[in-house]
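Okay, so here's the structure we're looking at.
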Amino acid sequence: MPELSPDGQAALAVCQKLLDSLLVMGPEGKTQFVSTLAPGGQACHARPSRDASAPPRTITYEKNEEEFPSRIPWDSGDKLEEGIDDGEGGRQVVVLVDHDIAMVWTPYWFKRNGSLTHVGTNCFTLAKHLTDPSGTNGEWKVVGMTDTARPLSDEDKKRLE
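Numbering (my numbering), first residue to last: 403 to 563.
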């Protein structure tokens, strides 16, 4: 990944904080997850359907405030981990920043209880929310997140397991 500006580093750090919340789990993990989200934002998931009566691939939308955090089984006792998959097989992180908006593209792998379950890509859109009236200080928040998920290919298994 090319060297990032301070804003690029900060935007990527917010995305990493969101992913790292899965390692915490429980109420603390959920609080960390929600702290990265902007009010009024939403998540979009383009992935295989969990519902056998639905089309094989679906697109679902969730509001940042309630639905998106609720899709994570915070109190299940499962150990979840989502890692950024950068640099192999053409998969790379991309961070673009223009003043107070950013886009962070993160290919990922996902593990449940230590077993690799799927791979995909997250596309985060972030906005810098001003934290003081002067407009000189701001903090990045995720206003939107779109993700894909797919089963592991033989190449993925070889590379990641």
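C-beta: ideal position from N, C-alpha, C; glycine also.
- Here the alpha carbons of D480 and R514 stand approximately 7 Å from one another.
- For the beta strand (DSSP E) assignment, the uninterrupted runs of no fewer than 3 residues enclosed by the stretch 493 to 540 are, from N- to C-terminal side, 496 to 500, 503 to 514 and 517 to 532.
- For L406, there is no enclosing beta strand (DSSP E), as DSSP gives it neither H nor E.
- Taken in chain order, the complete beta strand (DSSP E) segments of 3 residues or longer contained in the stretch 412 to 493 are 439 to 450, 459 to 465 and 482 to 486.
- Selection N524, V544, A412 and K560 evaluated against A551 yields N524 as nearest (Cα-Cα).
- For L424, the number of other beta carbons within 10 angstroms of its own is at least 16, and it is reported as buried.
- Note that the C-beta distance between F435 and I474 is below 8 Å.
- Annotation for G485: W511 place their beta carbon closer than 6 Å to its own, counting only its chain and skipping 5 residues before and after.
- Taking each of G443, P509 and D549 in turn and checking the Cα distance to D558, the smallest one comes out for P509.
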